[in-house]
Each structure stands twice: as C-alpha cells, then as structure tokens.
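Encoded as structure tokens, the structure appears first; notes follow it.
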Ligand SMILES: CC(C)(COP(=O)(O)OP(=O)(O)OC[C@H]1O[C@@H](n2cnc3c(N)ncnc32)[C@H](O)[C@@H]1OP(=O)(O)O)[C@@H](O)C(=O)NCCC(=O)NCCS
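Numbering (our numbering), first residue to last: 9 to 200.
If you want it as structure tokens, here you go:
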C-alpha cells in the first residue's frame, strides 16, 4: 500500500535517517554518481527543517520511505545555485531541489505526484515560477548505462522547458573520485 505524505518540519525529524539513506542510494546512479555520506545528508536535509516555506514530500510503502521530493524558495539557495536567475525577480521563483524514488517503485505515477504536490504548494504561497536543475554529463560518459533514458520527456510532460544559458554549479564527490569536483546543472522552468 503506497501513500504520499507532505511533512511539516517537526514530523520529518523521525525520518531523517531513512530519507538520507534513500538520497545516497538513488544519487549513486548515473547521471549523479554521487558518493554520499550519511552525516552530510542529514545536515543537508536539516536545511529543509529550517527553510521558510520549504516542503518535503515522501512516498511510503507501509512504514518504509521509498521516495522523497523537496523544494524551497530559490532566494534561500546560495548564489552558485541561483546562477543567472539573479537577474530576474528571484523572490517569485520556487526551487524544486530533488525527486528520488527507489527503482522498484518507478513507473507508478509517484514522480508525477511529487511534481503536482510541490507545484500546488508553491502556487498557494504565491510563487509565479517553478525551476529545477539537472546535472549535465557528456554523452559519451564511461559510466552511462546502455539502457539509460534521460528524464527530459518526463519533465517536458510536466510542462517544464529547458532554460537555455541558465545553470547552477554544485560540488560533490563522484564514485571512484578522490575529491569533490564542481558540476554544471542545466535549469528547467515552468510558469505556475
Ligand atoms: C524522476 C523519478 C522520481 C520519476 O518517478 P516515477 O514515479 O518513475 O515517474 P512516474 O511513474 O510518475 O512517470 C510518469 C510518466 O513519465 C514517464 N517516465 C518516467 N521516467 C521516464 C524517463 N526516464 N524517460 C521518459 N519518460 C519517463 C513514465 O513512463 C510516465 O509516462 P506516462 O504518463 O505516459 O505513463 C524517478 O525516475 C527517479 O527517482 N529517478 C532517479 C533520480 C533522478 O534522476 N531524479 C531527478 C533529478 S532530482
């Protein structure tokens, strides 16, 4: 029995370990290839407890967290994430930070619900645009699975368009890497 739940700040504390673990396991996959640590993840998720108007949506199979999706006002992100949006009305933009779903639960409409729930939340708060970014990897990347399907179609179906020339920069340790490297992430946007 799957259920989707939107969390208030206090309620989510009980699930921080589970959520952190899920991010680590899903973001190990291409194209993220992220070699995460539980401590860093818990600190990262803590920001959503502190972010004004942040949202955490989680999918459960019984009591097990199988998916998580988060968002917060773009203005609360660092300048390296805001990127070229700084030239626009940043206060009107809501940022979708991530959607991660255990592989076994994909293709059942949960990802669509993650987007719908966050969009409804941002709209209700009066934001006028929703944006997110996805990491850019070279087409010939050695770790790209042969059956890899980019999510572009999934995002386009949700009404998002690639925002040419708009990028975020983030650093993390790649699997097999020795130190963190900076990645470029392409922005997508949608009017709410
Ligand atoms: C993104 C993600 C949450 C989508 O979740 P999901 O629950 O499998 O998606 P849904 O079942 O809601 O899919 C809805 C539609 O998108 C389609 N779709 C899903 N993934 C797709 C893909 N990679 N390429 C093309 N279409 C895709 C589905 O076939 C379905 O189409 P339909 O409406 O015509 O039936 C999931 O794929 C995931 O966790 N991916 C790994 C992490 C990641 O890359 N996250 C994005 C960056 S934060």
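In this text, a Cβ means the ideal position worked out from N, Cα and C, and glycines have one as well. The structure presented is a predicted model; accordingly, all values stated were derived computationally and were not measured.
Check: residue 108 C-beta below 7 Å from any heavy atom of ligand 1
yes
Complete alpha helix (DSSP H) runs within the segment 112-159 (minimum length 4 residues, chain order)
118-132
Express the C-alpha separation of residue 46 and residue 32 in angstroms, rounding to a whole number.
8 Å
Which class does residue 56 belong to by DSSP, given the choice of helix, strand or coil?
helix
For the beta strand (DSSP E) that contains residue 170, what are its first and last residues?
169-180
Residues sharing a beta bridge with residue 199, DSSP:
137
Using a 10 Å radius around the Cβ and a threshold of 16 neighbouring Cβ atoms, would you call residue 133 buried or exposed?
exposed
Exposure of residue 78, with buried meaning 16 or more beta-carbon neighbours within 10 Å
buried
Take residue 167 and list the residues in its own chain whose beta-carbon comes closer than 8 Å to its own, dropping the five residues that flank it on each side.
198
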